[in-house]
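Peer 1:
Protein chains in written order, with the working numbering: chain B, 131 to 564; chain H, 6 to 466.
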């Protein structure tokens with residue numbers, strides 16, 4: 131059975147491609163922290179290979195190791211041999227899940243609720259989002275926080291409560307028309323993916339993306355009811371659910387209809403571009419999946435490709451911005467210069483480079499929820515580097531990184547603004563009359 | 006065959022603390038190899054030392070218990086030097102990672118064994134100084150490993166290799182004794198130069214715990230050039246002529262046709278593809294000398310009939326051209342599941358002959374090969390592109406290497422220029438070294454490690 135032994139069924143040459151030269155070690159945040167080979171890319175690959183070779187059973191220690199990996203893919207940038215770690219990592223987590231070694235009633239309940247129920251359907255997600263917003267807006271949250279009731283919760287839950295993101299009052303469909311024409315002459319027709327978590331927490335970034343696209347000669351189609359792209363599932367060992375969602379996406383956005391399909395979330399983009407790999411054994415979808423992969427563009431990538439229409443100079447005071455590279459943009463999609471191009475196009479904004487800009491901030495999807503210690507260590511490191519730049523604004527192109535750094539900035543109590551680069555560009559256009 | 010008992014791991018835990026002794030299978034598998042292709046052996050346990058004293062305690066105990074110890078830094082070696090042996094304790098030095106002193110008056114740096122080569126190069130550079138050895142794995146390789154393997158790199162021709170930058174060593178002997186050899190004096194002839202004995206000893210004579218390094222002033226200017234040739238012989242002649250003109254470039258590297266094509270496919274540098282050989286040349290030093298040498302080298306390449314000559318206009322272009330050589334191995338590694346990199350070395354006068362021989366061997370055994378390397382110092386990297394699951398082909402690869410090494414010896418060269426003997430080339434050493442050298446090496450080893458505790462089975466039995 132394919133799903134029972136994902137690593138054994140994976141093309142062996144993918145496992146074998148690692149020549150264990152060690153050049154991934156200095157780029158791996160977990161190895162950097164522990165100096166233990168098991169916590170390194172080549173160490174993890176050796177464990178995956180041992181399972182594929184039947185030298186190791188998928189054990190609890192193996193599974194835990196696969197969840198200690200951030201999946202930041204920095205190793206893929208460093209790898210001289212071109213190992214496809216992303217594919218290995220997804221299969222290894224699927225192996226961990228298929229083996230059941232991590233099973234506990236609580237874990238299973240959480241996974242069933244989130245992966246199998248919540249993130250499979252937009253309405254459920256929005257309903258939960260609204261409930262959460264009610265909790266936040268009716269003063270309940272601040273009441274609960276002030277009342278000391280939280281002290282009744284176990285430590286971990288209390289920490290999680292503090293990390294709950296602010297839910298937007300209006301979701302993407304309330305902010306963006308199903309079809310928004312280009313301002314001026316239309317050069318392209320694109321589709322905009324509004325995402326799942328992004329839709330609840332950063333619907334404003336979706337609106338900004340749509341506006342920026344129309345300012346740059348794109349007719350924008352934004353269907354109101356959209357699904358999760360499945361990256362959450364693929365990264366958490368549920369490849370079958372990820373396949374199901376991928377097929378629905380392709381059905382909803384026929385790739386032949388658009389010049390490009392735009393995403394503004396790095397983590398999603400990095401997954402969306404590999405549907406053909408995910409659906410390689412689905413002949414009915416494979417050809418369209420290949421076309422789909424070619425049409426998926428990160429918003430920065432797309433703008434750089436079609437040329438950014440520069441916003442007019444304004445006479446406000448100059449601000450400094452620094453740029454944190456989301457792992458799944460710089461490592462997952464090799465997009466590094468385009469977001470900087472976007473930022474440089476904005477008048478009165480000075481870009482200062484962030485030291486270690488490509489080092490993971492610890493968000494890593496839901497990593498900050500399941501590995502809080504490591505995630506916090508990385509967040510602290512990131513905040514320290516941001517501080518050295520003296521920037522008032524930090525820009526980053528992924529909802530996970532935005533949330534993580536916003537939480538860090540809040541904890542520090544400073545005046546740091548954490549924002550998506552596209553929001554800054556949209557702000558600059560807004561000073562223009564429509 | 007050694008067996009690691011729970012009594013042994015118990016003692017190691019009491020010496021180092023339980024957190025520094027790994028015994029679970031999931032912890033050991035990631036230590037069952039180093040950077041060497043197609044070699045694998047599970048150790049008995051892995052331990053981390055943080056101080057010289059801890060290393061001493063581990064060795065003292067291991068010596069008494071007669072249990073083997075294999076020292077390991079970052080495990081990037083290419084000859085199996087830190088490959089475990091059955092039931093051994095892997096003694097890992099990566100947590101001994103402090104830079105202890107940078108002495109600008111004496112131009113030295115004192116570091117612990119686990120500091121990486123890159124950290125050393127960066128610290129030197131930050132002080133306006135230069136640490137030249139740059140092995141391919143320098144981003145992660147440890148200085149302890151560099152010294153134990155006497156690593157080379159791209160700058161060997163002008164600047165030498167690791168040995169030329171070691172002024173002193175702290176070594177723990179197999180019986181747990183701590184020994185210091187060398188000092189900050191440029192001149193020191195008191196007794197045998199024991200440090201030279203430990204450099205390149207591949208973990209068989211002692212465990213290196215601290216290294217005192219020599220630093221030099223940073224060259225002020227650099228010029229980078231690339232020339233392509235229709236025949237490998239012309240490139241080799243150009244190199245000989247450059248040396249004969251008494252120019253010592255800091256880099257003089259070559260790529261063969263196969264490597265050029267792989268590099269271009271992978272890195273898209275814009276290299277000319279219609280050639281048999283590509284030379285990457287760099288000269289550094291005083292700006293006036295650099296300008297003069299660069300002109301001379303260009304003239305020589307033209308005289309030898311080069312097809313195309315490109316001089317980097319600025320640093321960005323220089324880095325781009327230099328990356329052609331630095332990505333050579335990576336580019337080749339992408340082409341096949343298993344990549345076996347060798348380092349046969351000949352006197353540079355014999356280089357063209359050796360390259361032709363390598364090509365002929367590959368043809369004869371129907372093998373895919375890319376060759377690149379340090380043309381200035383005769384150090385070749387014939388790289389076989391193969392698949393370790395194909396036993397028949399692996400057998401032919403072995404046979405091809407045997408022939409290449411024999412030819413290297415016949416031409417007055419060596420079986421390894423910078424990777425070491427380890428376990429990969431053990432079989433070739435006796436013939437290369439001869440009886441007298443083998444006997445002296447054996448006696449030396451026995452004198453220092455009478456109980457055969459350190460890296461047994463490596464270099465020779």
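Backbone N, C-alpha and C fix where the C-beta goes; we use that ideal spot for every residue, glycine too. Keep in mind it's a predicted model, so treat the numbers as computed, not measured.
Look at residue 442 of chain B and residue 361 of chain B and say whether their C-beta atoms are less than 9 Å apart.
Peer 2: The answer is no: Cβ separation not under 9 Å.
Peer 1: What do you get for residue 39 of chain H, buried or exposed, if any count of 16 or more other CB atoms within 10 angstroms of its CB means buried?
Peer 2: Burial call: buried.
Peer 1: How would you label residue 564 of chain B, buried or exposed, when you count the other beta carbons within 10 angstroms and need 16 or more for buried?
Peer 2: In this prediction, residue 564 of chain B scores a pLDDT of 48, lower than 50, which makes its location untrustworthy; the coordinate-derived value is nonetheless stated afterwards. Classification of residue 564 of chain B: exposed, given that the 10 Å Cβ count is below 16.
Peer 1: Starting from residue 388 of chain B, trace the alpha helix (DSSP H) in both directions and tell me its first and last residue.
Peer 2: From DSSP, residue 388 of chain B is part of no alpha helix (DSSP H); its letter is neither H nor E.
Peer 1: Enumerate, from N- to C-terminal direction, the unbroken beta strand (DSSP E) stretches of 3 or more residues contained entirely within the stretch 272–334 of chain B.
Peer 2: The stretch 272–334 of chain B contains these whole beta strand (DSSP E) runs: 318–322.
Peer 1: Which of the three DSSP states is assigned to residue 179 of chain H in this structure?
Peer 2: Correct three-state label for residue 179 of chain H: coil.
Peer 1: Are residue 176 of chain H and residue 186 of chain H close, meaning C-beta to C-beta below 9 Å?
Peer 2: Result yes, Cβ atoms of residue 176 of chain H and residue 186 of chain H sit closer than 9 Å.
Peer 1: Between which two residues does the alpha helix (DSSP H) carrying residue 123 of chain H extend?
Peer 2: Here the alpha helix (DSSP H) through residue 123 of chain H covers 122–131.
Peer 1: Specify, as a first and last residue, the run of the beta strand (DSSP E) that residue 351 of chain B falls within.
Peer 2: That run of the beta strand (DSSP E) goes 348–351.
Peer 1: At a Cβ cut of 7 Å, what residues of the stretch 38–62 of chain H count as close to chain A, listed as they run along the chain?
Peer 2: Checking the listed chains, one finds no chain A in this structure; the protein chains it contains are B and H.
Peer 1: May I ask you to report which of helix, strand or coil DSSP gives residue 233 of chain B?
Peer 2: Residue 233 of chain B: coil per DSSP, three-state reduction.
Peer 1: With C-beta atoms as the reference, is residue 482 of chain B less than 9 Å away from residue 520 of chain B?
Peer 2: Going by C-beta atoms, residue 482 of chain B is nearer than 9 Å to residue 520 of chain B.
Peer 1: In whole angstroms, what is the alpha-carbon distance linking residue 170 of chain H and residue 462 of chain H?
Peer 2: If you take the alpha carbons of residue 170 of chain H and residue 462 of chain H, they lie about 29 Å apart.
Peer 1: What does the Cβ neighbour count give for residue 299 of chain B, buried or exposed, with the cut at 16 atoms within 10 Å?
Peer 2: It counts as exposed.
Peer 1: Run through chain B and tell me which residues come within less than 7 Å of residue 36 of chain H, C-beta to C-beta.
Peer 2: In chain order: 167.
Peer 1: Tell me which residues share the same chain as residue 414 of chain H and place their Cβ nearer than 6 Å to its Cβ, disregarding the 5 neighbours each side in the sequence.
Peer 2: Counting only Cβ-Cβ distances below 6 Å, and skipping sequence neighbours, we find 437.
Peer 1: Grab the span of the beta strand (DSSP E) containing residue 344 of chain H for me, first residue to last.
Peer 2: Looking at the DSSP string, the run of the beta strand (DSSP E) that includes residue 344 of chain H is 343–346.
Peer 1: Please classify residue 48 of chain H as buried or exposed, where buried requires at least 16 neighbouring CB atoms within 10 angstroms.
Peer 2: Residue 48 of chain H should be labelled buried.
Peer 1: Taking the runs of the alpha helix (DSSP H) that are 4 residues or longer, which of them lie wholly in the stretch 406–457 of chain H?
Peer 2: With a minimum length of 4 residues, the continuous alpha helix (DSSP H) runs that stay inside the stretch 406–457 of chain H are 434–453.
Peer 1: From the DSSP output, read off the bridge partner residues of residue 184 of chain H.
Peer 2: Answer by DSSP bridge pairing, in chain order: H:176.
Peer 1: Let me know if residue 143 of chain B comes out buried or exposed under the rule of 16 or more other beta-carbons within 10 Å of its beta-carbon.
Peer 2: Exposed: under 16 other Cβ atoms inside 10 Å.
Peer 1: Quick one: give me the first and last residue of the beta strand (DSSP E) that residue 232 of chain H is part of.
Peer 2: From DSSP, the beta strand (DSSP E) with residue 232 of chain H extends over 226–234.
Peer 1: Taking residue 315 of chain H as part of the alpha helix (DSSP H), name the residues at either end of that continuous run.
Peer 2: That residue, residue 315 of chain H, is in no alpha helix (DSSP H); its beta strand (DSSP E) goes 313–316.
Peer 1: Within 9 Å of any Cβ in chain B, is that where the Cβ of residue 146 of chain H sits?
Peer 2: With 9 Å as the cut-off, residue 146 of chain H counts as an interface residue toward chain B.
Peer 1: Quick one: measure Cβ to Cβ for residue 42 of chain H and residue 345 of chain H, integer angstroms, because I've assumed they're closer than 8 Å.
Peer 2: Correct: roughly 5 Å between the Cβ atoms.
Peer 1: Is residue 515 of chain B closer than 9 Å to residue 99 of chain B when the C-beta atoms are compared?
Peer 2: Only positions 131 to 564 of chain B appear in this structure, which leaves residue 99 of chain B out of reach.
Peer 1: What residue range is occupied by the uninterrupted alpha helix (DSSP H) comprising residue 419 of chain B?
Peer 2: Its alpha helix (DSSP H) spans residues 413–425.
Peer 1: Residue 56 of chain H: buried (16+ other C-beta within 10 angstroms of its C-beta) or exposed?
Peer 2: The residue is exposed, with fewer than 16 neighbouring Cβ atoms inside 10 Å.
Peer 1: What are the start and end residues of each continuous beta strand (DSSP E) run of 3 or more residues lying completely inside the stretch 522–556 of chain B, in chain order?
Peer 2: Within the stretch 522–556 of chain B, the complete beta strand (DSSP E) runs of at least 3 residues are 523–525 and 547–549.
Peer 1: Give the secondary structure of residue 407 of chain B by DSSP, where H, G and I count as helix, E and B as strand, and everything else as coil.
Peer 2: Of the three classes helix, strand and coil, the one that applies to residue 407 of chain B here is helix, per DSSP.
Peer 1: Listed in chain order, which residues of the stretch 79–104 of chain H have Cβ atoms closer than 9 Å to some Cβ of chain B?
Peer 2: Within the stretch 79–104 of chain H, the residues whose Cβ lies closer than 9 Å to some Cβ of chain B are 79, 80, 81, 83, 97, 99, 100 and 102, listed in chain order.
Peer 1: According to DSSP, is residue 117 of chain H part of a helix, a strand, or is it coil?
Peer 2: Of the three classes helix, strand and coil, the one that applies to residue 117 of chain H here is strand, per DSSP.
Peer 1: For chain H, is any of its Cβ atoms less than 9 Å away from the one on residue 485 of chain B?
Peer 2: False, the Cβ-Cβ gap to chain H never drops below 9 Å.
Peer 1: Just to confirm my understanding: we take residue 487 of chain B, look at its own chain, exclude 5 residues before and 5 after, and list those with CB closer than 7 Å. What are they?
Peer 2: The residues are 453, 454 and 455.
Peer 1: Which residues share a DSSP beta bridge with residue 480 of chain B?
Peer 2: Beta-bridge pairing links residue 480 of chain B to B:450.
Peer 1: Going by other Cβ atoms of all chains shown within 10 Å of its Cβ, with 16 needed for buried, is residue 307 of chain B buried or exposed?
Peer 2: Exposed: under 16 other Cβ atoms inside 10 Å.
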